[in-house]
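These notes concern the structure reproduced below.
Chains as they are written, first to last, in UniProt numbering: chain A, 1 to 466; chain B, 1 to 466; chain C, 1 to 466.
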């Protein structure tokens, strides 16, 4: 499937002997099924299997990795199809993308887009001002084709299982539709309760009311509120969920005495919080979620360290998820201690940690995962799901954490077409890293091949209990 | 020009194929004109064009990169020509430098000194105890030569434009002299208002009085004080300035309501500050400077994160800028938000960020520059303007920031002879990095050549509006 | 001595030309005597020279690097021979270790264990479930052999001098026994006064009473307490000590007015502390220790940044040093300033800094050590005494600190058999780094060979005044 813009040796080490090994390692995992235990594809795709409308809607407008880079160089949101006065013609949006495609030189976005264009649409030229129209036509012509529908892509991509990320308030109707269809793909939801856990969420009070409705539990007391979570988790499990996910500004946890927790919840519920209450409630709820995981077996994921919606005006005019989410320093050891001291030695718990602050890899996360039985390290996330980012993770975390305390790769994307490209990049980078481990005699060759398979497939299955 | 101590392949990657590419990339940019948009050369050099006095005054005494390393190993300031009881014989100072030159093994200082000695003075031996005298003579003999005067060096170095850094209170007389001379070199000032913005500056009150005098504006009110800045910025622009520069302990910004800002200024002006006022005033003034840039077009530079004059006794006995300036942790996202929310989406603003805390490259600066239209990343600064420092910048910031959100290289030096060496190191490191990008198929070869030219020349011209 | 599991080129760079140089550099230092100026071997071994009891007691149970990785994957402390209900059969413990040895793939522990098994016990197979028994037998059979006694190992390892780490309250009887024996090995104690300096130490009050007894000084006043330290330091010096060591949560220092220090000590002594007193007292004592070093010449070591005993239940059930010590962010410039301003320019002081927060290498420690005459950088410590960790130290600290402001290698271990392996790893990594410095023309070849010897031997002798 490699076309002119995709070199078969891309992302492999420069040294010839190391490259040869990397190639062999990669070949051994290249076509393994894709396990996607954490991502943001639209459940509707799986439930309804609609055709994608146009190239801009597929590759440009919804992908904040792509739009942010153009915004950073003065392109307007409107030109990218965003906002009240947005450009409506997808061909014009596509031309704007093509005109600015040079900005992506050296970025992971280009690798993903190039790969998807070549792999799915047979494109053999680099996107640019002059090729924009031809490539637009090549995509647009094939989009209505049934083998480009979401479910067809799932099958073409060789996906074994894919998880979506779903609000605790979601009725999971699209998941039910997918399950009840004759399609054999495996799509599982993930319990993401931020909207009913984070008191700083807009419309938090309404969300609690809605939680009462969907759970059938009385959320006017803390005990009832926790029961509502239990009920929703059970509903998610019934639909195939194996994990929860928590996106918190910081990794702070707490384990309050019950009376304090009750009182805190009451303040949070009626919106009469004092300073620190929102943070403390989020912290307390992480420990509660961990306790529930002991009982129901859901694997817990914690994504910490993003300052969301950095530009107030952009948030207001164009909404969230527009690329203005900026990492901030975080620190885990003190923050996680209450949760860990409560339940961290319990063999039933798996807690997967993700960071946007790479300084924590070697300093904190690897030492923590290298000793606490419940902890596992998630792969490089967001700004770090790239060639250099993945290498840094291997180089800084593996010696102390140990390979077996990691969980393989997450594509973590809402950009469906990029899923095989993202897994391919991870497999290439890991093959290169393992080749260097062999050449420097830190791993035996046969071990490295076994580990390549673990990293590409098995660790994700095991860690996420899939 | 390469002599025995300068290998033509220095700083290129070890892998032979990659090295060949690096060599070709380097050759394509080796002789491009030098753009020096940020530095600390003495304006008198350009206005008066004096001969340099002696080798020690040229290479040792004023260069805190050089003196600090000897101080760290027990050499006295006096032996380096600093302090009341200082050694006065430049040959003895030079001998001390030569005796300790082994300390610079593996440091950027040695690369710069070796290069300057070879390039300017034809030195072919490594400096050391035994070669000290001969090399001293070789330099001293040529210093009076007109082709070693500052303006002649400017021409010999192939400088296209050089910026100095100048106090807001400076009369720019040397700049006027350079402009009014028959010399065709382009020297522009940079508006550096720290002395009238930072209330912690010694003699701050006197500085404000002096600001009143030089601006002709009444600085007894905040409005008048801001007008004084506008007047001085206009004077700098008239002399060719295209940029401001701000050296702050932290990157904190503020955007206070006008009455609060007025009251804060009044406390600052009369020296009746409460805790936090100095920091808050610096923060507020960054936003005010950004607002002025919308009107007058000056590009804004922010250098944050140095704890100055770490040794109190050294500060007292030998003055500032003696190598005792130590980086401290900084964080940008929260700190910059007030300024960015005030003016950060305005297409007229360019704000170039510099850090001494490399953890911010991947975590904060690249994500910020990769989305805010006003932001650009300055090159590695100070302790990081080195082989390894430059590589880390490329490896950690480029994937997320994008190459086009950077501004090329700054030599940032008061050591005139080191300017070509510093640009040469940057061009070599970038050529090596680009060669690796080609070999790992992350860039096409033709792209890499285009980008080499951008990094060496064009981006600086564009970002600094030169 | 290289057996099947130890490749002679292990840890050398992949590039063939660089590898050749690395091999030559390594050969030039491979058999240099081992200088071990900081470590945790048991003084009894040197004083009494007992035989080791069994393979599990030698390699598994006491090595928290080894036990932590198994704990992280659900092995119980008991199975590793720890705790009230512990497994007592060393062969079973060894089998558990062997069954989980795959977990150590890519970790420094495996390199150390493989090396020790091959070097000391002639093992030629990788440890695993199937080889466990044979290897157990191979070790157990040789342990009673006199050439595997501690003193014999010292001689076989080519150790020139080894330092232990000893409580200020220790009577140093084992050191006296070693000195008074006919054995010629050189074992020196290190003054580690944490137990009588850190008010958060369990039994701190009893420790002070004990300090009174062993020192003969009245510790009821601050002056007497300081005298007690002076007396104990003198006793350590009499037994060969050349250094102190301080393990503090943070690098905070203080230099209080005498009356404040007196009052603080009184609160600390009687256990009537207010918030911050414990931290402040530790901080004050670092400066007092530095002052004493001016007089008695002991080199000072500061190890900061570990949050000890992260798991409360593990601490309670299994004691300290079980692998649950997690690094936390630290920052040195502000913290060290009081001590440095008090005594930092005094040529009599050497203060060696160790960090577990690698972000401080380039940002803080290298700039500090590159200018303050008293400061030296300790080698990568604990989680960072590994291939990648050592490389990062060289790449991030050397350009700014300068090689001569470092102190060579510390094995820092209580695992006697791993000492040659650890020094071997350091020599290999440094040889590889120096080879790359040659190939990229940042060092001349002859310089690199000189520096290899400095790093492997001479710098430690000099910095520790051995």
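By construction, the Cβ of each residue, glycine as well, lies at the ideal position given by its N, Cα and C atoms. This structure is a prediction, so every number in the text was calculated from the model and none was measured.
Candidates the options, of which the one nearest residue i by Cα
{"i": "residue 289 of chain A", "options": "A:332, A:196, A:152", "result": "A:196"}
{"i": "residue 108 of chain B", "options": "B:460, B:426, B:204", "result": "B:426"}
{"i": "residue 128 of chain C", "options": "C:249, C:5, C:460", "result": "C:5"}
{"i": "residue 168 of chain B", "options": "B:243, B:386, B:136", "result": "B:243"}
{"i": "residue 251 of chain A", "options": "A:281, A:312, A:164", "result": "A:281"}
{"i": "residue 246 of chain B", "options": "B:463, B:349, B:381, B:192", "result": "B:192"}
{"i": "residue 403 of chain B", "options": "B:62, B:378, B:260", "result": "B:378"}
{"i": "residue 374 of chain B", "options": "B:405, B:161, B:380, B:398", "result": "B:405"}
{"i": "residue 95 of chain C", "options": "C:106, C:59, C:119", "result": "C:59"}
{"i": "residue 452 of chain A", "options": "A:465, A:414, A:394, A:464", "result": "A:394"}
{"i": "residue 51 of chain B", "options": "B:7, B:327, B:144", "result": "B:144"}
7 Å Cβ shell around residue i - same chain, five flanking residues per side excluded
{"i": "residue 483 of chain B", "result": "No answer is possible for residue 483 of chain B: the residues shown for chain B start at 1 and end at 466."}
{"i": "residue 292 of chain C", "result": "229, 230, 233"}
{"i": "residue 391 of chain C", "result": "429, 433"}
{"i": "residue 264 of chain B", "result": "256, 277, 280, 281, 284"}
{"i": "residue 157 of chain B", "result": "34, 419, 420"}
{"i": "residue 136 of chain A", "result": "55, 91, 94"}
{"i": "residue 101 of chain C", "result": "127, 128"}
{"i": "residue 142 of chain B", "result": "121, 148"}
{"i": "residue 370 of chain A", "result": "400, 401, 402, 405"}
Contact set for residue i: own chain, Cβ-Cβ below 6 Å, skip 5 residues either direction
{"i": "residue 240 of chain C", "result": "188"}
{"i": "residue 110 of chain A", "result": "104"}
{"i": "residue 215 of chain B", "result": "228, 231, 232"}
{"i": "residue 131 of chain B", "result": "125"}
{"i": "residue 339 of chain B", "result": "253, 286, 287, 290"}
{"i": "residue 47 of chain B", "result": "174, 177, 178"}
One or two residues paired with residue i in a DSSP bridge
{"i": "residue 163 of chain A", "result": "A:188"}
{"i": "residue 353 of chain C", "result": "C:302, C:377"}
{"i": "residue 247 of chain A", "result": "A:303"}
{"i": "residue 406 of chain B", "result": "B:377"}
{"i": "residue 35 of chain B", "result": "B:161"}
{"i": "residue 501 of chain C", "result": "The question about residue 501 of chain C has no answer, for chain C in this structure spans 1 to 466."}
Inter-residue CB distance, residue i and residue j (contact presumed, cutoff 8 Å)
{"i": "residue 305 of chain A", "j": "residue 355 of chain A", "result": "6 Å"}
{"i": "residue 36 of chain B", "j": "residue 159 of chain B", "result": "6 Å"}
{"i": "residue 352 of chain A", "j": "residue 315 of chain A", "result": "Not a contact, Cβ separation roughly 29 Å."}
{"i": "residue 190 of chain C", "j": "residue 303 of chain C", "result": "The pair is not a contact, with the Cβ atoms about 11 Å apart (cut-off 8 Å)."}
Proximal residues to residue i (C-beta, below 8 Å), its chain only, five neighbours per side dropped
{"i": "residue 467 of chain B", "result": "This structure cannot settle anything about residue 467 of chain B, because the visible part of chain B is limited to 1 through 466."}
{"i": "residue 1 of chain A", "result": "Low confidence applies to residue 1 of chain A: its pLDDT is 39, below 50, so where it sits in the model is not reliable, and the reading given next is rough at best. Once the five neighbours on either side are set aside, the close Cβ partners of residue 1 of chain A are 118, 119."}
{"i": "residue 9 of chain A", "result": "19, 23"}
If you measure beta-carbon to beta-carbon, which residues of the stretch 396-410 of chain B are closer than 9 Å to chain A? 396, 398, 399, 400, 401, 402, 403, 404, 405
For the stretch 339-365 of chain C, enumerate the residues whose C-beta is nearer than 8 Å to any C-beta of chain B, in chain order. 340, 341, 344, 345, 347, 359, 362, 363, 364
Which residues, taken in chain order from the stretch 368-382 of chain B, show a beta carbon closer than 7 Å to some beta carbon of chain A? 368, 369, 370, 371, 372, 373
To be precise: take each residue of the stretch 437-448 of chain B, compare its Cβ to all Cβ atoms of chain A, and keep it if any distance is under 8 Å. Which residues remain? 437, 439, 440, 441, 442, 443, 444, 447
Which residues, in chain order, does the stretch 5-38 of chain C contribute to contact with chain B at a C-beta distance below 8 Å? 13, 15, 17, 18
Could you name the residues of the stretch 319-332 of chain B whose beta carbon sits closer than 9 Å to any beta carbon of chain A, in the order they occur along the chain? 329, 331, 332
Just by C-beta distance, which residues in the stretch 448-462 of chain C are closer than 8 Å to chain B? 451
Taking Cβ-Cβ distances below 8 Å as the criterion, which residues of the stretch 299-320 of chain B are in contact with chain C? 307, 310, 311, 312, 313, 314
Contact set between the stretch 48-74 of chain A and chain B, restricted to residues whose Cβ is under 7 Å from the partner: 68, 69, 71, 72, 73, 74
Listed in chain order, which residues of the stretch 86-117 of chain B have Cβ atoms closer than 8 Å to some Cβ of chain A? none
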